[in-house]
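**Student:**
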Amino acid sequence: MKETVIYNAQVVTPAEILPEAAVVIRGSSIAEVVQESAPEKRWPNAEYIDAEGAYLMPGFIDVHSDNIENLIQPRATSIMDFELAMREQEKQLANEGITTMYHSLSLMVPVSGVTKELRQKDNMLRLVNLIQNFHEGEHLIRHRFHCRYEITNLDLYPMLEDLIRQGKIQLLSFMDHTPGQGQYRDLVAFKKLMAGGSSDQEKDEIIQRRMRREKLTDEQICRAARFAHEMGIPVASHDDDSIEKINFVTQQLHADISEFPVELEVAREAKRRGMKVVVGAPNVLMGYSHSGNLSALEAIENDCADILCSDYYPPAILHAVFRLAERCGLPLSKAVNMATYNPACALGISKDYGSVEPGKCADLILVSKKGKVPVILSVFINGVCVSKLQYRRDTAAVSGDFYD
Numbered sequence: 002m003k004e005t006v007i008y009n010a011q012v013v014t015p016a017e018i019l020p021e022a023a024v025v026i027r028g029s030s031i032a033e034v035v036q037e038s039a040p041e042k043r044w045p046n047a048e049y050i051d052a053e054g055a056y057l058m059p060g061f062i063d064v065h066s067d068n069i070e071n072l073i074q075p076r077a078t079s080i081m082d083f084e085l086a087m088r089e090q091e092k093q094l095a096n097e098g099i100t101t102m103y104h105s106l107s108l109m110v111p112v113s114g115v116t117k118e119l120r121q122k123d124n125m126l127r128l129v130n131l132i133q134n135f136h137e138g139e140h141l142i143r144h145r146f147h148c149r150y151e152i153t154n155l156d157l158y159p160m161l162e163d164l165i166r167q168g169k170i171q172l173l174s175f176m177d178h179t180p181g182q183g184q185y186r187d188l189v190a191f192k193k194l195m196a197g198g199s200s201d202q203e204k205d206e207i208i209q210r211r212m213r214r215e216k217l218t219d220e221q222i223c224r225a226a227r228f229a230h231e232m233g234i235p236v237a238s239h240d241d242d243s244i245e246k247i248n249f250v251t252q253q254l255h256a257d258i259s260e261f262p263v264e265l266e267v268a269r270e271a272k273r274r275g276m277k278v279v280v281g282a283p284n285v286l287m288g289y290s291h292s293g294n295l296s297a298l299e300a301i302e303n304d305c306a307d308i309l310c311s312d313y314y315p316p317a318i319l320h321a322v323f324r325l326a327e328r329c330g331l332p333l334s335k336a337v338n339m340a341t342y343n344p345a346c347a348l349g350i351s352k353d354y355g356s357v358e359p360g361k362c363a364d365l366i367l368v369s370k371k372g373k374v375p376v377i378l379s380v381f382i383n384g385v386c387v388s389k390l391q392y393r394r395d396t397a398a399v400s401g402d403f404y405d
């Protein structure tokens with residue numbers, strides 16, 4: 002069986018960073034983690050990779066990202082080939098350190114009477130099937146489906162049950178984007194987020210229509226959640242805005258994950274109830290929520306956040322991890338856990354993924370710093386190097402000859 006030894010690395014484990022350590026990969030799994038800087042003699046037939054002091058950490062597990070929508074439909078009137086977009090995206094994701102992506106596709110109704118073309122039923126089903134085909138076929142990273150179900154979308158409830166029954170969902174979350182509560186509890190702020198071109202009166206009429214929309218009954222939501230649990234699918238709530246909602250999602254839905262709670266006290270209560278709290282990595286980088294809700298930094302500083310997701314900007318995870326360690330005083334191992342071990346635990350896959358430990362799948366990334374910016378050097382999935390980036394210095398350009 003093929004062996005690979007990555008040595009002279011700063012190995013990031015769930016509890017600490019091991020300096021001048023090595024990881025032995027045997028086949029597709031991590032066989033050993035040893036604190037030796039150059040252990041060549043112990044495995045004479047292995048391939049040796051000198052990490053040159055770089056960090057060796059688990060690949061990121063992104064529990065929530067709708068970025069694939071932007072690659073398929075980059076403009077309102079532009080639809081790209083679905084498979085082309087998936088192929089291009091996974092190359093990008095690998096080089097951003099994401100080795101497992103839970104594509105968060107929205108089964109939701111239109112915001113102002115017009116459905117985004119990609120979110121029409123036939124296109125969504127096509128994309129769901131493509132995610133499954135990628136996961137089961139030839140691919141770079143691991144692709145999974147995070148189904149975000151909008152509870153005002155009554156028409157697609159049978160489709161939701163079918164997808165659960167067919168085993169095509171790996172994470173289910175329930176959303177309610179009705180103005181006046183949740184993410185959009187501030188109606189003034191919501192009006193500012195609405196697309197331009199409409200008058201204030203027209204926007205008010207749209208808001209009123211949305212507030213009057215019928216929703217799934219609690220019984221229907223509970224039935225879908227119960228069905229998901231029976232199929233081994235984790236259940237999450239979305240934009241929790243009150244203690245009452247936390248009571249409902251924990252006691253009735255038995256949800257284990259709270260995505261983007263909108264207030265600190267709600268995040269604190271979700272954490273107290275044993276839920277894993279998800280915050281956005283872009284929120285960390287910006288220092289605020291783009292929709293005016295809870296700051297991810299505030300949640301982390303108050304020990305009310307467990308998981309970093311990319312939300313809509315996949316590069317953010319890597320940079321948020323190091324931002325938390327370097328500017329917020331969080332131990333790097335703990336910051337890395339937020340993008341690796343903690344999501345693996347929440348999703349029920351920590352037996353195989355999410356940490357650098359013997360027996361786990363060898364989904365690993367080598368990370369170094371270029372100036373103040375962390376960069377990916379190499380990506381290993383199942384022990385295979387799927388990407389290697391070689392940074393260089395153009396001596397001609399540095400000397401000025403190139404521009405003369």
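Residue 2 is where the sequence shown starts when you use the numbering used here, and the numbers rise one by one after that. A virtual CB, placed ideally from N, CA and C, is assigned to each residue, including glycine. Predicted, not measured: the structure shown is a model, and the values here were computed from it.
(1) Would you mind working out which of I382, R394, T396 and D156 sits nearest G98, comparing C-alpha positions?
(2) Terminal residues of the continuous alpha helix (DSSP H) containing L286?
(3) List the endpoints of the continuous alpha helix (DSSP H) containing V337.
(4) Quick check on this structure: which residue in D63, A10 and A47 has the alpha carbon closest to the alpha carbon of P283?
(5) Determine which residues share a DSSP beta bridge with Q11 and list them.
(6) Could you have a look at P315 and say whether DSSP puts it in helix, strand or coil?
(7) Taking the Cβ atom as the reference point for each residue, do E270 and A237 lie within a distance shorter than 8 Å?
(8) Near L298, which residues of its chain fall below 7 Å by C-beta distance, leaving aside the five closest residues on each side in sequence?
(9) Please return the same chain residues whose Cβ sits closer than 8 Å to the Cβ of N303, not counting the five positions on each side in sequence.
(10) Check for me: the alpha helix (DSSP H) holding P344 runs from which residue to which?
(11) How is S292 classed by DSSP in three states: helix, strand or coil?
(12) Suppose the cutoff is 7 Å on Cβ atoms and the five residues either side in sequence are ignored; what does the same chain contact list for F168 look like?
(13) Taking all protein chains shown into account, decide if V13 is buried (16 or more other Cβ within 10 angstroms of its Cβ) or exposed.
(14) Measure the alpha-carbon distance for E33 versus P40 and round it to whole angstroms.
(15) Hey, quick one: how far does the alpha helix (DSSP H) through F228 stretch, first residue to last?
(16) Between Y314 and T101, is the Cβ-Cβ spacing less than 8 Å?
(17) According to DSSP, simplified to helix, strand and coil, what is G183?
(18) Straight-line CA distance for E245 to C362?
(19) Can you tell me the Cα-Cα spacing of D156 and A55, whole angstroms?
(20) Taking 8 Å as the threshold (C-beta atoms), are R120 and S107 in contact?
(21) Can you tell me whether DSSP reads F1 as helix, strand or coil?
(22) For a test of the three-state rule: what should DSSP assign to E270, helix, strand or coil?
(23) Across which residues does DSSP place A22 in a beta bridge pair?
(24) Terminal residues of the continuous alpha helix (DSSP H) containing A297?
(25) What residues match up with D82 in a beta bridge as DSSP calls it?
(26) Would you say the stretch 359-377 touches the stretch 307-325, given that touching needs at least three Cβ pairs under 8 Å?
(27) Answer yes or no: do Q36 and L19 have a C-beta to C-beta separation smaller than 8 Å?
(28) Would Q171 pass as a contact of R149 if the rule is Cβ separation under 8 Å?
(29) Which two residues bound the contiguous beta strand (DSSP E) that contains D163?
(30) So M125 is in the alpha helix (DSSP H); what residue range does that whole segment cover?
(31) Are the CB atoms of V357 and I31 nearer to each other than 8 Å?
**Tutor:** Let's see:
(1) In the sequence shown, counting from the first residue as 1, residue 98 sits at position 97. Among I382, R394, T396 and D156, the Cα nearest to that of G98 belongs to I382.
(2) Residue 286 sits at position 285 when you count from the first residue of the sequence shown. A282 to M287 is the extent of the alpha helix (DSSP H) around L286.
(3) By 1-based counting over the sequence shown, the position of residue 337 is 336. Run containing V337: L333 to N338, per the alpha helix (DSSP H) assignment.
(4) Within the sequence shown, residue 283 is the residue found at index 282, counting from 1. Per the Cα distances, D63.
(5) As a working note, residue 11 is residue 10 in the sequence shown. According to DSSP, Q11 bridges with Y56.
(6) Taking the sequence shown and counting its residues from 1, the one referred to as residue 315 is at position 314. Three-state result, P315: coil.
(7) The residue you call residue 270 lines up with position 269 of the sequence shown. The residue you call residue 237 lines up with position 236 of the sequence shown. No.
(8) Within the sequence shown, the letter at position 297 stands for residue 298. Counting only Cβ-Cβ distances below 7 Å, and skipping sequence neighbours, we find V285, G288 and C329.
(9) One-based indexing of the sequence shown puts residue 303 at position 302. Around N303: L265, A268 and R269.
(10) As a first step, residue 344 is located in the sequence shown; it is residue number 343 there, counting from the start. Boundaries of the alpha helix (DSSP H) around P344: Y342 to L348.
(11) Numbered from 1 along the sequence shown, position 291 holds the residue referred to as residue 292. In the three-state scheme derived from DSSP, where H, G and I count as helix and E and B as strand, S292 is classed as coil.
(12) Working through the sequence shown from its first residue, we reach residue 168 at position 167. In the sequence as presented, Phe is not what sits at residue 168; that position holds Gly. Within the same chain, G168 has close Cβ partners M232.
(13) For the purposes of this step, residue 13 is taken as residue 12 along the sequence shown, with counting starting at 1. It is buried - the Cβ of V13 has at least 16 other Cβ atoms within 10 Å.
(14) The residue labelled residue 33 in the question sits at position 32 within the sequence shown. The residue labelled residue 40 in the question sits at position 39 within the sequence shown. Using only the alpha carbons, I get a separation of about 12 Å.
(15) Within the sequence shown, residue 228 is the residue found at index 227, counting from 1. D219 to E231 is the span of the alpha helix (DSSP H), which, as asked, contains F228.
(16) Translated into the one-based positions of the sequence shown, residue 314 becomes position 313. Translated into the one-based positions of the sequence shown, residue 101 becomes position 100. Going by C-beta atoms, Y314 is not nearer than 8 Å to T101.
(17) Mapped onto the sequence shown, residue 183 falls at position 182. Note that G183 has pLDDT 49, beneath the 50 cutoff, so the model's placement of it is unreliable and no number is given.
(18) Residue numbering aside, residue 245 sits at position 244 when the sequence shown is read from its first letter. Residue numbering aside, residue 362 sits at position 361 when the sequence shown is read from its first letter. Their Cα atoms are separated by approximately 40 Å.
(19) Taking the sequence shown and counting its residues from 1, the one referred to as residue 156 is at position 155. Taking the sequence shown and counting its residues from 1, the one referred to as residue 55 is at position 54. Approximately 51 Å between the Cα atoms of the pair.
(20) For this step, residue 107 is matched to residue 106 along the sequence shown. For this step, residue 120 is matched to residue 119 along the sequence shown. Yes. Within cutoff.
(21) The requested residue 1 does not occur in the structure, where the chain is confined to residues 2 to 405.
(22) On the sequence shown, position 269 is the one that residue 270 refers to. E270 falls in the helix class under three-state DSSP.
(23) As a first step, residue 22 must be located in the sequence shown, where it is residue number 21. Looking at the DSSP assignment, A22 forms a beta bridge with A10.
(24) Position 296 of the sequence shown, counting from 1, holds the residue named residue 297. In the DSSP assignment, A297 falls within the alpha helix (DSSP H) that extends over A297 to E302.
(25) Residue mapping note: residue 82 aligns to position 81 of the sequence shown, counting from 1. Answer is none; D82 lacks a bridge partner.
(26) yes
(27) The sequence position of residue 36 within the sequence shown is 35, counting from 1. The sequence position of residue 19 within the sequence shown is 18, counting from 1. A contact, by the Cβ cut-off of 8 Å.
(28) Locating residue 171 in the sequence shown gives position 170, where the first residue counts as 1. Locating residue 149 in the sequence shown gives position 148, where the first residue counts as 1. No, Cβ-Cβ distance for Q171 and R149 is not below 8 Å.
(29) As a first step, residue 163 must be located in the sequence shown, where it is residue number 162. DSSP places D163 outside any beta strand (DSSP E); the residue lies instead in the alpha helix (DSSP H), whose first and last residues are Y158 to R166.
(30) By one-based count along the sequence shown, residue 125 stands at place 124. Per DSSP, M125 belongs to the alpha helix (DSSP H) from K122 to E137.
(31) Counted from its first residue, the sequence shown places residue 357 at position 356. Counted from its first residue, the sequence shown places residue 31 at position 30. Yes, the pair counts as a contact, with Cβ atoms nearer than the cut-off.
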